[in-house]
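Undergrad: With our numbering, letter number 307 in the sequence shown gets 1320, and the count goes up by one each step, no holes. Glycine residues also receive a C-beta, built at the ideal position from the N, C-alpha and C atoms. Since the structure is predicted, the reported quantities are computational estimates derived from the model, not experimental observations. Please find one structure pasted underneath; my questions will follow.
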Amino acid sequence: GSAIGAVFAGDLVTLFFYWEGTAIASVFLIWARRTEAAYHTGLRYLIIQITSGVILLAGTALLFRETGSIAFQTMTLGSLGTWLIFMSFGMKCAFPLLHNWLQDSYPAATVTGTVILSAFTTKLAVYALARGFAGTEILIYIGAVMTLFPIFFAEIENDLRRVLAYSLNNQLGFMVVGIGVGTELALNGTASHAFAHILYKALLFMSVGAVLFRTGTSKASELGGLYRTMPRTATFCLIGAASISAFPLFSGFVTKSLILDATAVEHYPVIWAVLVFASAGVLSHSGIKIPYFTFFAHDSGLRPKEAPAHMQMAMGITAFFCVAIGIYPEPLYALLPYEVEFHPYTTSHVVGQLQLLCFALLAFAVLMRTGIHPPEIRAINLDTDWIYRRFLPQVIARMSGAAGQIWTSVAGYVERRLAGLISLLYRLHGPETGVARVMRSGSMVLWVAVLLGVTLLVNFIV
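Here's what the structure looks like:
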């Protein structure tokens, strides 16, 4: 509800309330796992999300002071206020170096919670960026980096739900590039790709979640050969893998093509090449690795039951739309923000994508055959968050020590000054001084009469 409410927010203050609402509501999807790890992960997630909201509120306040308006409209990075708002959106969108909460929290959530998180949290940030910073060129380069770095982490990751979290980060990069390009074709590509991504990413999370539900693990090193007893789940997973890999006739192909074409049309050849390389990487870590190590590869000896009927129904509906949009994308195109005529099934599009996919498949096969591909082993992979998790506590401890010494010095100085002031006042007004002596009633009445007479005289003269 908060994510949908944020879409209809007309000003930044309303957006802030819904922004924080999504943070508070979504953390319970993590805590619902009811494990110690999920509890600590939820706290870290909540800190990041609440911090994002606080930065958004600070940026809104500065923007109001600068412009007198809090309207949620297109902004430029020309002031501190808009930079803070931009940073707030970037935190929720998992910009590079601000992304670790995503890989930390999504795999820790419940099977259902992960699907909901992938559909709403980051997509709200994509919407906010598209509405507030469309055409901001720096987003092109940020998005390009976002498409690249998760590939390498996903290739060496053993937990398949974390692999999908890295893959989600990669797909967000395509959307951010489209927002940065800012043309009608690019924004249409971002909107359509966000919609398609919700479907095929949910399908992949559901298929791996069904495996987790039946086997109790999502580690690639502990899975394999599950197609024997979970054939329908394996089929749904393959459909999701084909969609995220942008195979022709699947949803990812008809949406990602818009972003690639927009990048080429606006003469960003290097960015276009980066996106093409990232597309091949997606095939490797999500299109192949997820279904291969889960349902095929070595036989783990596990023989779990097929996913429950309600899970199969949810996966079946999502898989249907992944295929339907890929075969007949016109209804989706009709819902896009701008009227742009685009034909994904041209010879150049189809042949170029098939060539890319074939070479990526060949590269994966060669790497597996030669043993160069990173093996699936039980290990914890360190991400960039290790830097501030490892060193930030030390920095805080050192700063706390220095601050303590400064505070002790300041407090001692103030204490000495106050003691001197109190001593002076005591000497002037203490019980031994004339000022503090007890006055008799007659003297007090006399002084009151004198003061009253002086007051009347002054009033008469004036």
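Taking just the CA atoms, how far does Phe1263 sit from Tyr1346?
TA: 15 Å
Undergrad: Reducing DSSP to helix, strand and coil, say where Asp1312 ends up.
TA: In the structure shown, Asp1312 sits in coil (DSSP, three-state: anything other than H, G, I, E or B).
Undergrad: Would you call the CB atoms of Ser1231 and Leu1225 closer than 9 Å?
TA: yes
Undergrad: At what residues does the alpha helix (DSSP H) containing Asn1182 begin and finish?
TA: 1173-1194
Undergrad: Mapping the DSSP letters down to three states, classify Ala1143 as helix, strand or coil.
TA: helix
Undergrad: If you count every other CB in all the chains shown that lies within 10 Å of the CB of Asn1183, and 16 or more means buried, which is it?
TA: buried
Undergrad: Let me check one thing: in DSSP terms, what residues is Lys1232 bridge-paired to?
TA: Asp1172.
Undergrad: Taking a contact to mean a Cβ-Cβ separation below 9 Å, would you say Ala1247 touches Gly1126 in this structure?
TA: no
Undergrad: Just to confirm my understanding: we take Gly1191, look at its own chain, exclude 5 residues before and 5 after, and list those with CB closer than 6 Å. What are they?
TA: For Gly1191, where only same-chain residues beyond five positions count, the Cβ hits under 6 Å are Ala1199, Gly1202, Thr1203, Ile1272.
Undergrad: According to DSSP, Ala1084 sits in a beta bridge with which residue or residues?
TA: Asp1024
Undergrad: Could you spell out where the alpha helix (DSSP H) holding Thr1360 opens and where it closes?
TA: 1360-1383
Undergrad: So what's Cys1106 in DSSP terms, helix, strand or just coil?
TA: coil
Undergrad: By the three-class DSSP mapping on this structure, what secondary structure does Pro1317 have?
TA: When DSSP states are grouped into helix, strand and coil, Pro1317 belongs to the coil group.
Undergrad: Which residue marks the beginning of the alpha helix (DSSP H) containing Asp1117, and which one marks its end?
TA: 1113-1118
Undergrad: Cβ atoms of Met1100 and Gly1072: under 9 Å apart, would you say?
TA: yes
Undergrad: Thinking C-beta only, is Met1219 closer than 9 Å to Thr1477?
TA: Residue coverage of the chain in this structure runs from 1014 to 1475, which leaves residue 1477 outside it and unanswerable.
Undergrad: Under the assumption that Ser1131 contacts His1298 (Cβ atoms under 8 Å), give the Cβ distance between them as a whole number of angstroms.
TA: Wrong, their Cβ atoms sit about 16 Å apart, outside the cutoff.
Undergrad: How many whole angstroms separate the CB atoms of Ile1211 and Cys1335, which I take to be in contact at a CB cut-off of 8 Å?
TA: Going by Cβ atoms, the distance from Ile1211 to Cys1335 rounds to 11 Å, so no, they are not a contact pair.
Undergrad: What's the C-alpha gap between Ser1361 and Ala1275?
TA: So the two alpha carbons sit approximately 15 Å from each other.
Undergrad: Take Ala1141 and list the residues in its own chain whose beta-carbon comes closer than 6 Å to its own, dropping the five residues that flank it on each side.
TA: Phe1102
Undergrad: Can you tell me whether Gln1086 is buried or exposed, with buried defined as 16 or more other CB within 10 angstroms of its CB?
TA: exposed
Undergrad: So, with DSSP's three-state summary, where would you put Ser1299?
TA: helix
Undergrad: Ordered along the chain, which non-local residues of its own chain (more than five positions away) have a Cβ less than 7 Å from that of Leu1111?
TA: So the list reads Gly1103, Met1104, once near-sequence residues are dropped.
Undergrad: Taking Ile1061 and Trp1114 to be in contact with their CB atoms under 8 Å, please state how far apart those CB atoms are, rounded to whole angstroms.
TA: 4 Å
Undergrad: If you follow the alpha helix (DSSP H) that Glu1150 is part of, which residue opens it and which one closes it?
TA: Where Glu1150 is concerned, there is no enclosing alpha helix (DSSP H), given that its DSSP letter is neither H nor E.
Undergrad: Out of Val1267, Gly1300, Ala1286, Gln1325, point me to the one whose CA is closest to Gly1222's CA.
TA: For Gly1222, the nearest C-alpha among the options comes from Gln1325.
Undergrad: Hey, Ala1209 and Ser1270: beta-carbon distance below 9 Å or not?
TA: no
Undergrad: Can you tell which of Ile1169, Tyr1154, Ala1178, Met1159 has its C-alpha closest to the C-alpha of Thr1134?
TA: Ala1178
Undergrad: Residue range of the alpha helix (DSSP H) that Gly1329 falls in?
TA: 1322-1340
Undergrad: For Arg1403, name the three-state secondary structure that DSSP assigns.
TA: helix
Undergrad: Once you ignore the five residues that flank Val1158 on each side, which residues in its own chain have a CB closer than 8 Å to its CB?
TA: Closer than 8 Å at the Cβ level, and outside the excluded window around Val1158, lie Pro1109, Gly1186.
Undergrad: Tell me which same chain residues have a C-beta within less than 8 Å of the C-beta of Val1128, skipping the five on either side of it?
TA: Ala1215, Phe1218, Met1219, Gly1222
Undergrad: In the DSSP assignment, find the alpha helix (DSSP H) that holds Leu1469 and state where it starts and stops.
TA: 1454-1474
Undergrad: Return the residue from the list Ala1415, Ile1474, Pro1163 that minimises the CA-CA distance to Thr1397.
TA: Pro1163
Undergrad: Using alpha carbons as the reference points, say which of Phe1077, Thr1035, Ile1409 lies closest to Val1026.
TA: Phe1077
Undergrad: Tell me the rounded alpha-carbon separation between Ile1153 and Ala1147.
TA: One C-alpha to the other measures close to 10 Å.
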